[in-house]
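Counting in the numbering used here, the sequence shown runs from 478 upward without gaps.
Beta carbons: idealized from backbone N, C-alpha and C, even for Gly.
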Amino acid sequence: MEREKLLEKYIQNKLSQQEKIKFDTLLSNDGAFKKEVDFHMNLKKIARHEDDDNFRKLITDIETTKPRQSRNYTKWLAAASVVLLLGLTYFLTLDNKASHNELFTAYFEPYRNVIQPIERGSPQQDEKTLAFTAYEKGEYKKAIKLFSKLYASTKESYYLFYQANALLKLEKATEAVPFLLEHLKTKDTLTEKSRWYLALAYLKLNNKEEAKKTLKKVISESNYKSKEAKELLEKFE
Numbered sequence: 478m479e480r481e482k483l484l485e486k487y488i489q490n491k492l493s494q495q496e497k498i499k500f501d502t503l504l505s506n507d508g509a510f511k512k513e514v515d516f517h518m519n520l521k522k523i524a525r526h527e528d529d530d531n532f533r534k535l536i537t538d539i540e541t542t543k544p545r546q547s548r549n550y551t552k553w554l555a556a557a558s559v560v561l562l563l564g565l566t567y568f569l570t571l572d573n574k575a576s577h578n579e580l581f582t583a584y585f586e587p588y589r590n591v592i593q594p595i596e597r598g599s600p601q602q603d604e605k606t607l608a609f610t611a612y613e614k615g616e617y618k619k620a621i622k623l624f625s626k627l628y629a630s631t632k633e634s635y636y637l638f639y640q641a642n643a644l645l646k647l648e649k650a651t652e653a654v655p656f657l658l659e660h661l662k663t664k665d666t667l668t669e670k671s672r673w674y675l676a677l678a679y680l681k682l683n684n685k686e687e688a689k690k691t692l693k694k695v696i697s698e699s700n701y702k703s704k705e706a707k708e709l710l711e712k713f714e
């Protein structure tokens, strides 16, 4: 029941900070829950592109009338899947090329914390731990301030990478680009990943030429996200 309430509040953009933490934890650790969230978000994407008010209303009705009893869930999901399939067919016929912003949303995911593993309940509260704890919790504004301060004092290049990721999550691509470009000049374990995020930043900024150039570089290097880069390039070339 709690899962359903979290999902409903997520759809309505009404999650509290504590509920958001629970939601993100479920999303990361529960594959079935993630599939259900993805399903709902696909419905919303279709509704945003559909000009037919009746169709949009049908999408909304499906989201808000999800059956409470589990035995009805299969029938509900089947009906919703039909609508989703019809909507996707219509959308692909109407507009074969998604907008740059939609592609960014579909492909962007903040890179996981691999620098400072967080041990829950640990009394350790140094600035590095606080910064990555904030990042993992989705407190990106707080994380950015701490990453900036830590980079100024340590010059550890990975702070540039995570600061850029946090900025992208906050849809501040213009601010993220300089950090990614600076990080690409370094040679830490995350450097090869920066080019993928730089391509997404250019995509978010609707800078098609730089996005294409950067994606081609990702593909040619055959490293991090090269397969996704090829898919993405094909979608807006």
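With a CB to CB cut of under 8 Å and the five nearest residues on each side skipped, what residues in its chain are close to LYS702?
Counting only Cβ-Cβ distances below 8 Å, and skipping sequence neighbours, we find LYS670, TRP673 and VAL695.
Is it the case that the Cβ atoms of GLU604 and LEU627 are separated by a distance below 8 Å?
Yes, they are a contact pair.
Apart from the five residues just before and just after GLU687, which ones in its own chain have a Cβ nearer than 7 Å to its Cβ?
So the qualifying residues of the chain are TYR679.
At 4 residues or longer, what runs of the alpha helix (DSSP H) sit wholly inside the region 586-628?
With a minimum length of 4 residues, the continuous alpha helix (DSSP H) runs that stay inside the region 586-628 are 604-614.
Run through DSSP, which three-state label would GLU648 get?
In the structure shown, GLU648 sits in coil (DSSP, three-state: anything other than H, G, I, E or B).
Determine the direct distance from the alpha carbon of GLN494 to that of SER699, and round the result to whole angstroms.
For SER699 and GLN494, the distance between alpha carbons rounds to 39 Å.
Out of ILE592, LYS690, THR668 and THR663, which has the shortest C-alpha to C-alpha gap to ALA676?
When only C-alpha atoms are compared, the closest one is LYS690.
What are the boundary residues of the alpha helix (DSSP H) that includes LYS461?
Beyond the ends of the chain as shown, which are 478 and 714, falls residue 461; an answer cannot be given.
Quick check: the Cα distance between ASN506 and ASN642, rounded to an integer number of angstroms?
Cα to Cα, the separation comes out at about 21 Å.
How many angstroms separate the CA atom of PHE713 from the CA atom of ALA650?
Approximately 19 Å between the Cα atoms of the pair.
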